[in-house]
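Since the structure comes first, as structure tokens, the remarks are kept for the end.
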DNA sequence: TTCATAGTTCGACCGTAACCGAAGCATTCA
DNA sequence: TGAATGCTTCGGTTACGGTCGAACTATGAA
């Protein structure tokens, strides 16, 4: 008597070692690129690509294209919940593994990403703007609220001028070191430019690293918390 | 690379269609013989035997020898919980089985989930118990309050006896059709058994569907609202 | 423009495991 | 004691799917 949903397809999807590794790697909520996931899974890029499209079709993960990178994250909390529950069952017979750490500290702190602020500082700014209601997020889209217009103007940015330009005002950009959103778009660019003008930061020529001045650190923390 | 237990083995175990059929058939908490399960799975007896020993090794099911029969049942509530959760994912993907008929509607209304009540009725009961302070939820854990002990006793359940058994008294289980918690654990089992004793419900033999009697409907609404 | 990097698709190879039937135990019943 | 039933094991076949490298597409950098 075959009743209820067919669990074998979903389970089989999770049941391949490479795919299970991919899903486990995504369990912390970060978004990783196809190449990184190939490394995590211990398979070649072409193999991983096949797995990723299967997982996407199965709605266990969700892809997000960004430039020439393609980031993947778990589809939603329910998926994470199922994985967690499966780990509970699997734990009854042991078999655990290890983990690796990150690298370039300076770049992770603050850097330029297509002319806007990225790294921990970029992510912190983005979250602060969300928290104070300056930005509104929905379905991977982000927009500037009325509150946000007031804030940006106070920060020294001419929003009306930015709106005149064809380029999108706000875009969320996935941070490669933090794996969280930061602010892109013409507003993101203007924010970074403004920080440079006011002497908060200094860009290292020929490199993406950003140096934060003492004044910049004070000011940044004051405005964006932290 | 990775951390946490290896979920791929357990998932692969569930991922085979024949084994998934076997596990699904056991979801109502009954113990079935190898021959019956072979029929459920749609494979030959020798094939089923192989699957059953794999599932046993994987601790998803538990065999019980009785004479020349060998009965199998799910290993415990956790296994049932994982299966329910997987059904939730599968249902969302639209991977329901071909057979959709009156029985599906009945299943969503009230069904057995490893010996406890699931479906809309199960969820409603759970929420009513929370609302009246009989159950307390925190961090995915659920426990019986003093108020709850009084209530359960009034319902005809010997809580002291349940506590003596090793099995956990209360446990929440995610309902695949409602996507909300319902009550599992030995109390959940006792509640269902009590409803059957008092003639509120009648289990359809060989199926997970539960039939609610007229008296049961009155009584249930009276006690659990709605 | 040209070059480099990220990812996808294709083709071929190969291993695992699902499957069945037949023979082999084990248990119960006559 | 045999005969019947329930299940397991074995051997052989088959097919599905995971794997890689190479060719191809798309995007960004110089």
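Chains as they are written, first to last, in my numbering: chain A, 170 to 395; chain B, 170 to 395.
Just so it is clear, CB atoms sit at the ideal spot from N, CA and C, and this is done for glycine as well.
Against chain A, does residue i count as a neighbour if the rule is that its beta carbon must be under 7 angstroms from one of theirs?
i, result
"residue 256 of chain B", "yes"
"residue 184 of chain B", "yes"
"residue 176 of chain B", "yes"
"residue 179 of chain B", "yes"
"residue 287 of chain B", "no"
"residue 225 of chain B", "no"
"residue 189 of chain B", "yes"
Quick one: is residue i buried, meaning 16 or more other Cβ sit within 10 Å of its Cβ, or exposed?
i, result
"residue 285 of chain B", "buried"
"residue 253 of chain B", "buried"
"residue 238 of chain B", "exposed"
"residue 246 of chain A", "exposed"
"residue 346 of chain B", "buried"
"residue 302 of chain A", "exposed"
"residue 267 of chain A", "Because the pLDDT at residue 267 of chain A is just 31, under 50, the model does not fix this residue reliably, and the point stays unresolved."
"residue 216 of chain A", "exposed"
"residue 293 of chain B", "buried"
"residue 113 of chain B", "No statement about residue 113 of chain B is possible, as the shown extent of chain B runs from 170 to 395 and does not include it."
"residue 269 of chain B", "Unreliable positioning characterises residue 269 of chain B in this predicted model, as indicated by a pLDDT of 46, which lies under 50. The coordinate reading is nonetheless provided below. Exposed, because fewer than 16 other Cβ atoms sit within 10 Å of the Cβ of residue 269 of chain B."
"residue 209 of chain B", "buried"
"residue 227 of chain A", "buried"
"residue 287 of chain B", "buried"
"residue 322 of chain B", "exposed"
"residue 211 of chain A", "exposed"
"residue 291 of chain A", "buried"
"residue 197 of chain B", "buried"
Consult DSSP for residue i and reduce its assignment to one of helix, strand or coil.
i, result
"residue 352 of chain A", "strand"
"residue 216 of chain B", "helix"
"residue 347 of chain A", "coil"
"residue 287 of chain A", "strand"
"residue 261 of chain A", "helix"
"residue 296 of chain B", "helix"
"residue 319 of chain A", "helix"
"residue 281 of chain B", "strand"
"residue 254 of chain B", "helix"
"residue 389 of chain B", "helix"
"residue 381 of chain A", "strand"
"residue 243 of chain B", "strand"
"residue 370 of chain A", "strand"
"residue 361 of chain A", "helix"
"residue 304 of chain B", "strand"
"residue 340 of chain B", "strand"
When you compare only the Cα positions, how much space is there between residue i and residue j?
i, j, result
"residue 177 of chain B", "residue 223 of chain B", "14 angstroms"
"residue 384 of chain B", "residue 225 of chain B", "41 angstroms"
"residue 256 of chain A", "residue 184 of chain B", "15 angstroms"
"residue 298 of chain A", "residue 305 of chain A", "9 angstroms"
"residue 341 of chain B", "residue 350 of chain B", "6 angstroms"
"residue 213 of chain B", "residue 207 of chain B", "6 angstroms"
"residue 181 of chain B", "residue 181 of chain A", "5 angstroms"
"residue 334 of chain A", "residue 358 of chain A", "13 angstroms"
"residue 115 of chain A", "residue 330 of chain A", "A query on residue 115 of chain A cannot be resolved here, the shown segment of chain A reaching from 170 to 395 and no further."
"residue 205 of chain B", "residue 233 of chain A", "46 angstroms"
"residue 174 of chain A", "residue 248 of chain B", "16 angstroms"
"residue 195 of chain B", "residue 260 of chain A", "22 angstroms"
"residue 220 of chain A", "residue 188 of chain A", "6 angstroms"
"residue 230 of chain A", "residue 310 of chain B", "27 angstroms"
"residue 313 of chain B", "residue 377 of chain B", "26 angstroms"
"residue 367 of chain A", "residue 386 of chain A", "12 angstroms"
"residue 354 of chain B", "residue 283 of chain B", "10 angstroms"
"residue 186 of chain B", "residue 240 of chain A", "31 angstroms"
"residue 296 of chain A", "residue 382 of chain B", "54 angstroms"
"residue 394 of chain A", "residue 393 of chain B", "48 angstroms"
"residue 201 of chain A", "residue 328 of chain A", "33 angstroms"
"residue 235 of chain A", "residue 251 of chain B", "35 angstroms"
Indicate whether at least one CB of chain B lies closer than 7 angstroms to the CB of residue i.
i, result
"residue 261 of chain A", "yes"
"residue 228 of chain A", "yes"
"residue 200 of chain A", "no"
"residue 251 of chain A", "yes"
Uninterrupted beta strand (DSSP E) stretches inside the segment 175-241 of chain B (no shorter than 3 residues): 230-235
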